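Each remark here refers to the structure printed beneath this line.
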């Protein structure tokens with residue numbers, strides 16, 4: 008999810024803008040009725056898929072809402088409600104668009120900080 012909000016990612020800028028404004032509660036799980044739960048942003052197709060899940064829809068029925076073709080339109084054209092958009096709960100922790108290099112450097116810095124804290128904790 009974090010790498011979607013990078014300059015290098017091909018996702019439409021509207022998807023990236025949505026992502027940096029989103030909260031953890033702006034995603035939901037769909038496709039439980041077919042045993043393949045998927046976390047997606049809360050949008051119109053996700054709401055429709057949830058309704059279909061509740062009544063035990065088949066994969067064929069769900070594909071009318073969750074197909075990859077519809078999802079591609081959302082990702083590439085920026086039409087948030089064109090299809091389901093898979094993103095994790097980490098959306099609530101992303102607040103800016105960075106380069107991939109900056110994201111990786113941030114991950115390394117966080118890991119090093121954790122290691123330092125653990126060393127202090129267990130050094131005694």
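Residue numbers (this note's numbering): 8 to 131. Yeah, the Cβ is synthetic: ideal placement off N, Cα and C, and Gly gets one too. Values in this document were obtained by computation on a predicted structure and should not be read as measured data.
- Excluding five sequence positions before and after residue 13, the CB atoms of its chain that fall closer than 7 Å to its own CB belong to 104, 105, 106, 107 and 110, given in chain order.
- Taking a C-beta distance under 9 Å as the contact criterion, residue 49 and residue 35 qualify as a contact pair.
- Scanning its chain for C-beta atoms nearer than 8 Å, with the 5 sequence neighbours on each side dropped, one finds around residue 30 the residues 98 and 99, in chain order.
- Taking 9 Å as the cut-off, the Cβ atoms of residue 9 and residue 101 count as close.
- Counting only runs that start and end inside the segment 21-93, the beta strand (DSSP E) elements of at least 3 residues fall at 34-37 and 45-48.
- The continuous alpha helix (DSSP H) containing residue 128 extends over residues 107-129.
- For residue 83 and residue 91, the gap between their C-alpha atoms comes out near 12 Å.
- Taking 9 Å as the cut-off, the beta carbon of residue 45 is found no closer than this to the beta carbon of residue 87.
- When the five nearest sequence neighbours on each side are left out, the beta carbons in the same chain lying within less than 8 Å of the beta carbon of residue 77 are those of 52, 89, 90 and 91, in order along the chain.
- The C-alpha of residue 57 lies about 13 Å from the C-alpha of residue 70.
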